[in-house]
Amino acid sequence: MKSLAELQAIKERMKDKVILREGVNATRVVVGMATCGIAAGARPVLNTFVEEVNALGLMETVTVSQTGCIGLCQYEPIVEIYESGKEKVTYVKVDAEKAKRIANEHLKGGKVVNEYTIGANQ
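In structure tokens form, the structure reads like this:
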């Protein structure tokens, strides 16, 4: 990066790929991004959720963010989904393909993908 203009251009290119963390949307997707999560592959999972939320047109209702350690390292990458008026859903051992399915079935379709949840993986 050589100039402020170049930095601004990068910011503009990435704007549509970022969903604000401060959002007050009804649904929040939180990806564990501590070192254990990153080592297990959380970065592609986070990127996939951002891309899918944008592709599915859910930007107005779904916020994607990251957090530190969730405390269940053996189940990383972990994704927690918070929806207004519902219990939190914790997905474990998530990869990019699972993230796409969760986005389509849970975030868009409203149906929890039970086989990816912590209860199914204990």
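Okay, so the sequence shown: first residue is 0 according to numbering that gives the first Met the number 0, each after it adds one. Glycine residues also receive a C-beta, built at the ideal position from the N, C-alpha and C atoms.
Short Cβ contact (8 Å threshold) for residue i with residue j
i, j, result
"ILE80", "GLY31", "no"
"VAL78", "VAL111", "no"
"VAL44", "ALA98", "yes"
"GLU82", "THR26", "yes"
"GLU75", "ALA41", "yes"
Outcome for residue i when other beta-carbon atoms lying within 10 angstroms are tallied against a minimum of 16
i, result
"LEU3", "exposed"
"ALA8", "exposed"
"LEU106", "buried"
"LEU57", "buried"
"GLU51", "buried"
"MET89", "As written in the sequence, residue 89 is Thr, which differs from the Met given in the question. THR89 is buried by the Cβ-count criterion."
"THR34", "exposed"
"GLU21", "Residue placement at GLU21 is poorly supported in this model, since its pLDDT is 48, which falls under 50; the coordinates are not used for a value here."
Proximity to residue i [Cα-Cα], best of the options
i, options, result
"LEU71", "SER83, PHE48, GLU96 and ALA39", "ALA39"
"VAL91", "GLY36, GLU59 and GLU51", "GLY36"
"THR60", "GLN73, GLY108 and ASN46", "GLY108"
"ARG100", "ASN53, PHE48, GLY84 and GLN73", "PHE48"
**Q.** Completely contained alpha helix (DSSP H) runs for the region 94-119, where each covers 4 or more residues
**A.** Runs of the alpha helix (DSSP H) inside the region 94-119: 95-101.
Q. With contact counted as at least three CB pairs below 8 Å, one residue from each stretch, are the region 108-115 and the region 55-72 in contact?
A. Verdict: no, contact absent.
Q: Could I get the ranges of all uninterrupted beta strand (DSSP E) runs contained in the region 32-86, with 3 residues as the minimum, in chain order?
A: Qualifying beta strand (DSSP E) stretches, in chain order: 61-66 and 78-82.
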